[in-house]
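> So that we are looking at the same thing, I have put the structure below in structure tokens.
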Amino acid sequence: GENVEQHPSTLSVQEGDSAVIKCTYSDSASNYFPWYKQELGKRPQLIIDIRSNVGEKKDQRIAVTLNKTAKHFSLHITETQPEDSAVYFCAVRGGNNRLAFGKGNQVVVIP
Amino acid sequence: DSGVTQTPKHLITATGQRVTLRCSPRSGDLSVYWYQQSLDQGLQFLIQYYNGEERAKGNILERFSAQQFPDLHSELNLSSLELGDSALYFCASSVDGGGAYEQYFGPGTRLTVT
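Residue numbers (this note's numbering), protein chains in the order written: chain G, 53 to 163; chain Z, 12 to 125.
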């Protein structure tokens, strides 16, 4: 099946700085790449997604970049705020049409 | 609020017992997905139903089973429970069966097996 890995597992940033989380995958047929944010005790929520025909997508302070050749995509959060502290999961839809999730990155924004 | 509902919110039971978790998808969504989330394993896909039929199977144990009813709500049955089954169980729904669109997650059911 699809192998999805996220790095780093934990990331601490100063408020106002940028945070970047990288996700690698194994299935070259993958074509849909969402990022979910999960705050403590709450459900995962989609924050941004990208499809394989696009290299970059931006939504206010959040952006996702995709490198299909290298089989990785990254979540970029600029001007981080305390409310950005959460666990971020990347997911990949592979050739089997199933969404496989990474194990998550804990992002801590230090005020 | 995602529009996906799950009951119960919390469940405490003993080893060897059987429980049923319930999920109602968003209005109009045909797919229901079940996930298990434990501390060290992230979100593990268990099973997907689309319009009443099983569509995809993930790391679901033989002791677990699920079904989707004609009104599209779904139930996840967990039997012969073990301590290691303690986890947060999420269901999610989406409009399609192919996994290409956003999955909306419910609030989860926290299962504690003692």
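Glycine is no exception: its CB is placed at the ideal position from the N, C-alpha and C atoms.
(1) So, at 7 Å on beta carbons, what are the nonlocal neighbours of Z/L41 in its own chain, with the 5 sequence-adjacent residues on each side left out?
(2) Do Z/T123 and Z/Q17 have their CB atoms nearer than 9 Å?
(3) Please state whether the Cβ-Cβ distance between Z/Q127 and Z/G69 is less than 9 Å.
(4) Can the beta-carbon of G/R95 be found closer than 9 Å to that of Z/F116?
(5) Return the bridge partner residues of G/E108 from the DSSP annotation.
(6) Just mark Z/Q114 as buried or exposed, buried being the case when its beta carbon has 16 or more other beta carbons within 10 Å.
(7) What's the gap between the Cα of Z/G14 and the Cα of Z/C102?
(8) Give me the Cβ distance between Z/L32 and Z/L87, rounded to the nearest whole Å; I'm assuming they're in contact under 8 Å.
(9) Compare the beta carbon distance of G/L151 and G/A143 with 9 Å and say whether it is the shorter of the two.
(10) Terminal residues of the continuous beta strand (DSSP E) containing Z/L50?
(11) The stretch 104-119 of chain Z: which residues have C-beta closer than 7 Å to a C-beta of chain G, in chain order?
(12) Using a Cβ-Cβ cutoff of 8 Å, what residues of the stretch 63-74 of chain Z are near chain G? List them in chain order.
(13) Are any of the Cβ atoms in chain G nearer than 9 Å to that of Z/S91?
(14) Looking at C-alpha atoms only, which residue of Z/S49, Z/P19, Z/T26, Z/E65 is the closest neighbour of Z/V43?
(15) Candidates Z/Y112, Z/Y100, Z/Q52, Z/P118: which alpha carbon is nearest Z/V30's?
(16) Kindly list, in the order they appear in chain G, the residues whose Cβ is closer than 9 Å to that of Z/F101.
(17) Are the beta-carbon atoms of G/A71 and G/L127 separated by less than 9 Å?
(18) Where do the N-terminal and C-terminal ends of the beta strand (DSSP E) with Z/N88 fall, by residue?
(19) Among G/P163, G/G154, G/T117, whose alpha-carbon lies nearest the alpha-carbon of G/E135?
(20) Contact defined as beta carbons within less than 8 Å: I believe G/F85 pairs with G/L118. What is the distance between those atoms, to the nearest angstrom?
The answer reads as follows:
(1) Closer than 7 Å at the Cβ level, and outside the excluded window around Z/L41, lie Y61, N62, L83, V106, G108.
(2) no
(3) The structure shown does not extend to residue 127 of chain Z, since chain Z is modelled only from 12 through 125, so no value can be given for it.
(4) yes
(5) G/T117
(6) That one is buried.
(7) 12 Å
(8) 4 Å
(9) yes
(10) Segment: none, Z/L50 is in no beta strand (DSSP E) and carries neither H nor E.
(11) G109, G110, A111, E113, Q114, F116, G117, P118, G119
(12) When CB distances to chain G are screened at a threshold of 8 Å, the residues of the stretch 63-74 of chain Z falling below it are A67, G69, in chain order.
(13) no
(14) Z/E65
(15) Z/Y100
(16) R95, P96
(17) With respect to the 9 Å criterion, G/A71 and G/L127 are classified as neighbours on the basis of their beta carbons.
(18) 85-89
(19) G/P163
(20) 6 Å
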